[in-house]
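Under our numbering, the first residue of the sequence shown is numbered 529, with each subsequent residue one higher. Input: a single structure, listed below in structure tokens.
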Amino acid sequence: MQTLLFIFTLLLALVSAYLWWQVRMQRRTIENMLTEESLDNLEEAPEMILTLRIRDPLVLAKRESRSARILADRLPVMVTKMVYQEVMRELEQELQSRDIDVDMRIEYR
């Protein structure tokens, strides 16, 4: 019985030592990540993206279109999609008239 308890104690000590070693390695990894150079010192600047969100597309649709007044209450998802497509189309035309080259797309999140 004493041998079994000794083996069990030894096993617990080994597991504890392994976990302690893992914690030390994790702390060292975190310290290394915190001391790395910041993003300001990168050779290549990060890509900048402009995000546009229409706060209330259904109100905009109802204000701009007679047919949207009827459809907005029955098909709000479709009307919202159409509003975003129309806004994107108008923005693209305006930017092209100013000779600004852009890539525009609608992302669903």
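Note that the Cβ used here is the ideal one computed from N, Cα and C, for glycine as well.
For MET610, the enclosing alpha helix (DSSP H) stretches over residues 604 to 625. Look at the beta carbons and you see the segment 597 to 604 not touching the segment 530 to 543: under three pairs across the two are nearer than 8 Å. Burial state of VAL630 is exposed, judged by a 10 Å Cβ sphere holding fewer than 16 other Cβ atoms.
Here the segment 571 to 582 does not lie against the segment 544 to 561, with fewer than 3 beta-carbon pairs under 8 Å apart.
With respect to VAL611, LEU588 sits close: the two C-beta atoms are nearer than 8 Å.
Under the 10 Å beta carbon count, PRO585 is surrounded by 16 or more other beta carbons and is classified as buried.
For ILE558, there are no CB contacts under 8 Å within the same chain when 5 residues up- and downstream are skipped.
Scanning its chain for C-beta atoms nearer than 8 Å, with the 5 sequence neighbours on each side dropped, one finds no residue around LEU533.
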